[in-house]
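Scroll down for the structure; my scribbles are underneath it.
Protein chains: 2
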Amino acid sequence: MDEKQALDAFTALSQETRLRIVRLLVTAGPEGMSAGVIGEAMDGASSSRMSFHLGHLEQAGLVESRREGRSIIYSASLIALSGLVEFLMRDCCQGHPEVCNPAVAALSSCCEPQKGASHA
Amino acid sequence: MDEKQALDAFTALSQETRLRIVRLLVTAGPEGMSAGVIGEAMDGASSSRMSFHLGHLEQAGLVESRREGRSIIYSASLIALSGLVEFLMRDCCQGHPEVCNPAVAALSSCCEPQKGASHA
DNA sequence: ACAATAACTCAACGAGTATTGAGATATTGA
DNA sequence: TCAATATCTCAATACTCGTTGAGTTATTGT
């Protein structure tokens, strides 16, 4: 994750519809959701609007897509989201681990950390 | 952290100068840096430009300021950054902890997690 | 092949944003 | 109080972004 990628990701996340899409796809997990189903969840957004935002998110690397029949299925890229978090918080505790730990605790609360997870 | 706060934060982070300021302040820790010193680190940005971006970041809740003599000292709000991460990644592993752990590992690598940290 | 469904592409409009430069406010030391 | 330093405020400009509506491409079942 370099600065340009991070800027693209934050730009993508700074728009209401796109932020909602990403959060929806984060909860949807690896199976993802079709563009049409996502559009209905976004107050019935038009197809061109969904296409614009989903394309934006894909170009920013935050979501991935695959075709399944007539539908295109989108899913969140957890790798990209992790990289973004790491980019933003890198070197957050130079000499002060206590100011950084709230972020670790917040993210750890999402799921039980497995001690075996490798450390990029 | 609600949706509006998150959108403001991502908007603030989606601009090159502001993203650099936040990352600089994250590494600077709680002591922070003066507006002038930050401006010099931003390729000598003009004072009005720094004021605009620092004000934007403060309004978004990502940085805090205090006056010290003639200078105004800015520091990153780790609480806000943690809240943002948690908002983005909430419910990231419904039934699939393995897809969420890379994010935890990325952030944990920032500093050694202390097992005592309370879990918001 | 044809019709229906799902999603994408494109051009145009209106709204919001970053930068600049000049000027104003706050603090300090002599 | 005066000059110097540090930062903020404001108006004008150019730039970027989101939405809309019409049209296009891809896939499926008959």
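As you go down the protein sequences, you meet chains A and B in turn. For what it's worth, the numbering used here labels the leading residue of the first sequence as 47, then goes sequentially. For what it's worth, the numbering used here labels the leading residue of the second sequence as 47, then goes sequentially. The beta-carbon is built from N, C-alpha and C at its ideal position, and this holds for glycine as well.
- B:H102 sits away from B:A74, with the two beta carbons spaced by 7 angstroms or more.
- Assignment of beta-bridge partners to A:R113 by DSSP yields A:I118.
- When C-alpha distances from B:K50 are compared across B:C138, B:L134, B:V150, B:N147, the shortest belongs to B:L134.
- At a cut-off of 7 angstroms between C-beta atoms, B:V83 does not count as an interface residue with respect to chain A.
- The straight-line gap separating the alpha-carbon atoms of A:S80 and A:A55 is approximately 21 angstroms.
- Of the candidates B:V109, B:P76, B:I67, B:G107, the residue whose Cα lies closest to the Cα of B:R95 is B:I67.
- Restricting attention to A:C138, A:D137, A:G107, A:I119, the CA atom closest to the CA of A:A126 is found in A:G107.
- In this structure, the beta-carbon distance from A:L71 to A:A151 does not fall below 7 angstroms.
- Within a 10 Å sphere around the beta-carbon of A:E132 sit 16 or more other beta-carbons, which makes this residue buried.
- Annotation: A:R136 is outside any alpha helix (DSSP H) and is labelled neither H nor E by DSSP.
- When the five nearest sequence neighbours on each side are left out, the beta carbons in the same chain lying within less than 7 angstroms of the beta carbon of A:A87 are those of L70, in order along the chain.
- Neighbours of B:A52 in chain A, taken as residues whose beta carbon is under 7 angstroms from its own, are L65 in chain order.
- Bridge pairing for A:S80: A:I119 [DSSP].
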